[in-house]
Amino acid sequence: MADTTRKAARPVPPAASAGPKRAARASRRTRFSRRLTPWLFLIAPLALLLTFTYAPIANMVAYSFTDWDGVSPELTYTGTENYTELLTRSELFEVFFVSGYYLVASVVQIVAALYFATLLSFDVRFRNFFKGVLFFPYLINGVAIGFVFLYFFQDGGTLDSVLGLLGVETDHAWLGTPFSANTSLAGVSVWRYTGLNFVLFLGAIQSIPGELYEAAEIDGAGRWHQFRHIIAPGIKPVLSLSVILSVSGSLSVFEIPYIMTGGATGTETFVIQTVKLAFQFNKTGLASAAAVVLLLIVLAVTWVQRRIVPDEKVDLV
Amino acid sequence: MNRRKVLAGSIAVLALLASACTGTGGSSKGADAEAPDDPSEAKGSITVLTHRTDLVQDGTMKKYAAEFNKTHPGVKVEFDALTDYEGEVKIRMNTENYGDVLMIPAVIEKKDYPTFFASLGSKAERSAKYRFTDYSTVDGKVYGQSPIGVVPGFIYNKKVWSEAGVTDWPTTPADFLADLKAIRSKTDAVPYYTNFKDMWPLTQWTNVNGSVGCDTNATTKLAEGDPWARGADLRVADTLLHDIVRAGLVEKDPTTTNWEASKPRLAKGEIATMWLGSWAVVQMRDAAKQAGTDPADIGFMPFPAQQDGAFCAVTSPDYQQAVNVNSDNKEAARAWIDWFTDRSGYAEANLALSPLKDAPLPDVLKPYEEQGVKLIDLDDTKGAEVKSIDNQSEVGIYKPDYRQELVDLARGARKGSLDDFLSDLGKRWAEARASLGS
């Protein structure tokens, strides 16, 4: 497409009447405007991207080298002091243990999503209904989910009454101990994000040409073999994307624990800790540094992951 | 490759630009907001930022404004109610546009008051008439005035307490624990409700400071000593909270408490006691009216500690109203603050302590008067220092975190002993003080 337009733009060989000079000038102008056009289209999105993504990040990086308290007109440049403080206070990184719960949960989440996506890619009764049911939680606002599940886990709340109907009488405070609370919260996060993974997987599975299944069936392959040899390799790029998203998501969990427990009872994550540093203790500088460090950690983890599992071209045929 | 370099370069340029922008200008320092000589002459339109979203929504604030206009016909008052007051005002204060009258957010450091607010007058002149001038005085000038004062205390359901056979206020923490145990065994009520999940009610425990030792220099002591030393006020308070939880005298699952729901429960006698402040009495009485129980059952008692045979209670200000230093209508704004403090009847409506020194005690505190509870005003000259130590140490005596940990410790969801926990807090406090002093 681009090639043909460029060809059309090429100046027509000068006719005798038109001077060679004039043609050259015209062509330079058209070439310039042609180069300019895509940028004109890009101005709006680029401006938005720069103002709302890169400028705040740049600002944050700048704050991370100061001792700003978030409101005072005075701020002093402190060099790398915030980073030194951050890296010498090991207790600030202990909260990453909490991410372990979410990491385990995301394995469950991916397996569940993959299972349902595979199941619903075959011809199942009510499949569109089930697709809707599975995707629905992802559409709900995270804050609302937090409140809903607060009632769910309450003493005598939804979970207890459902278990009661099944004849199980627990007297368990679901958010009462660090282990129980983190597991419950990670469960909520699985409930919320399974739908997203499910849709990603389903889309990838459906982009696999149907003839492959037919051919496989003729060859006598069962559902498991179809999954093992057609679906699994076919959705590998999406699978690795999901893993990257899950890992970085587990490292930066925020909404659900923040709304439900506020980080109490050992459920504090790195982002909650950062928010508390910035808005409770007015250490905006230190908190910015913590945010930068989290960004670097996520980038590093992603890089390592890409190294271990390189992105290969998938060729099913 | 080339493109990446360009991108990296442009980000670097942006970072430089941004860092150049971060220094906010705030050169107009030290303006005064003078009261108008003749109230009917004051003119202008003012915006009042307030945290009382409830009063703006139900029209109460409009009524105040109408009343104000009777004496100040030239001033137009508008209200801007903010749900997340602290968070939103903090961000707005990075600009010049933060209303004409506002409540001083807790985040602003005292030394920065002159950059943000116009002075209301000298301390010598204002302290003769008003309470709490100490809390907003910088270099002898006062920058804010709280329209009400509050006194901390236990809100309790009188019926439940008398059912348990307790009629006199307990005078020591041990007595208090014994009374709660009596409530547990003789009634169905939850003896004490922590409000753990909503967090801020736990911060109220810091207001015990001063009540135990009956010392007006309690705040100075925080700044200069270990708040959790043996016998220190905060240690006594935190130990009591710990013991209440440890003895199982609280709700079954603190992690899912609900503040709004706790109000009718206290009114109905399902909850016996909560540590809050005099400001909560009016809310509990409203809840009682709505629940169809007797509002007179809601009682209020001081912290169980006595000095020389008398209870002590500390008076403290609520949010303090101040005039924006960048306001174009400082006179009108000042007139509003004066009127709201002196004549609006806001303190009476909230059953709160009046900011005027010569005003009588509110109804709620009548039992205090009868029992001879001493009301003391703390000296707040070191208040700013305490706040910076608190932030620097990340202990957070005005934040809920450490008390949540304390409650977790007491109910066994966290390992460790109370002594170790409190001495660790003291250690962090001392370290922060040392690092700030250097």
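Sequence order for the protein chains is A and B. Under my numbering, the letters of the first sequence match residues 4 to 320, in that order. Under my numbering, the letters of the second sequence match residues 424 to 861, in that order. C-beta atoms are modelled at their ideal positions from N, C-alpha and C, and glycine is treated no differently.
Bridge partners for residue i per DSSP, in chain order?
| i | result |
| --- | --- |
| L45(A) | None; L45(A) has no bridge partner. |
| A541(B) | V746(B) |
| D800(B) | T738(B) |
| E808(B) | Its beta-bridge partners do not exist; DSSP assigns none. |
| S701(B) | S701(B) is not bridged to any residue. |
| V573(B) | S739(B) |
Do residue i and residue j have their C-beta atoms within less than 7 Å of each other?
| i | j | result |
| --- | --- | --- |
| Q815(B) | L859(B) | yes |
| G576(B) | F723(B) | yes |
| P740(B) | S542(B) | no |
| D621(B) | W698(B) | no |
| V742(B) | I667(B) | Residue identity check: residue 742(B) is Tyr in the sequence provided, not Val. Cβ atoms of Y742(B) and I667(B): not closer than 7 Å. |
| V631(B) | D598(B) | no |
| A292(A) | S67(A) | yes |
| L297(A) | L289(A) | no |
| A745(B) | A465(B) | no |
| V219(A) | Q229(A) | The question names Val, yet the displayed sequence has Ala at residue 219(A). Their beta carbons are under 7 Å apart, which means A219(A) touches Q229(A) by this criterion. |
| D72(A) | T277(A) | no |
| F619(B) | P677(B) | yes |
| G198(A) | L137(A) | yes |
| P181(A) | T268(A) | yes |
| F44(A) | A120(A) | no |
| S253(A) | S102(A) | yes |
| A855(B) | I812(B) | yes |
| A833(B) | R669(B) | yes |
| T470(B) | T506(B) | no |
Using the Cα positions of residue i and residue j, report the straight-line distance between them to the nearest angstrom.
| i | j | result |
| --- | --- | --- |
| V250(A) | T272(A) | 14 Å |
| V436(B) | K822(B) | Because the pLDDT at V436(B) is just 49, under 50, the model does not fix this residue reliably, and the point stays unresolved. |
| A454(B) | K753(B) | 9 Å |
| G835(B) | I259(A) | 24 Å |
| W227(A) | I208(A) | 14 Å |
| I857(B) | N62(A) | Per the sequence shown, residue 857(B) should be read as Ala rather than Ile. Taking the straight line joining both Cα atoms gives about 31 Å. |
| G432(B) | L53(A) | For G432(B), the predicted model reports a pLDDT of 48, less than 50, meaning its position is unreliable; a value from the coordinates is still stated below. Using only the alpha carbons, I get a separation of about 13 Å. |
| S451(B) | P537(B) | In this prediction, S451(B) has a pLDDT of 48, which is less than 50 and means its spatial position is unreliable; nothing more can be read from the coordinates. |
| G636(B) | F555(B) | 20 Å |
| S187(A) | W177(A) | 7 Å |
| A711(B) | A504(B) | 27 Å |
| A728(B) | G497(B) | 51 Å |
| P313(A) | L203(A) | 20 Å |
| S255(A) | V274(A) | 6 Å |
| T629(B) | T639(B) | 15 Å |
For residue i, which of helix, strand or coil comes out of DSSP?
| i | result |
| --- | --- |
| E693(B) | coil |
| Q480(B) | helix |
| E258(A) | helix |
| G510(B) | helix |
| F723(B) | strand |
| N580(B) | strand |
| Q730(B) | strand |
| Q283(A) | coil |
| D455(B) | strand |
| F129(A) | coil |
| Q568(B) | strand |
| P790(B) | helix |
| D503(B) | strand |
| G1(A) | Lying before the first or after the last residue shown, residue 1(A) is absent from chain A, which here runs from 4 to 320. |
| L525(B) | strand |
| Y615(B) | strand |
| L122(A) | helix |
| L440(B) | With a pLDDT of 47 at L440(B), under the threshold of 50, the modelled position of this residue cannot be trusted; read the value that follows with caution. Helix, per DSSP. |
| I820(B) | coil |
| I469(B) | strand |
| V98(A) | coil |
| A303(A) | helix |
| V246(A) | helix |
| T87(A) | helix |
Whole-angstrom Cβ separation of residue i and residue j, contact assumed at under 8 Å?
| i | j | result |
| --- | --- | --- |
| F502(B) | V479(B) | 5 Å |
| K805(B) | T642(B) | 6 Å |
| A489(B) | A612(B) | About 43 Å separates the two Cβ atoms, so there is no contact after all. |
| T738(B) | L776(B) | 6 Å |
| I262(A) | F139(A) | With a Cβ gap of about 19 Å, I262(A) and F139(A) do not count as contacting. |
| L472(B) | N580(B) | About 36 Å; that fails the 8 Å criterion. |
Would you check whether the ligand ZN has a heavy atom nearer than 6 Å to the C-beta of residue i?
| i | result |
| --- | --- |
| S634(B) | For the structure depicted, the ligand ZN is absent and the ligand set is empty, with no information on it obtainable. |
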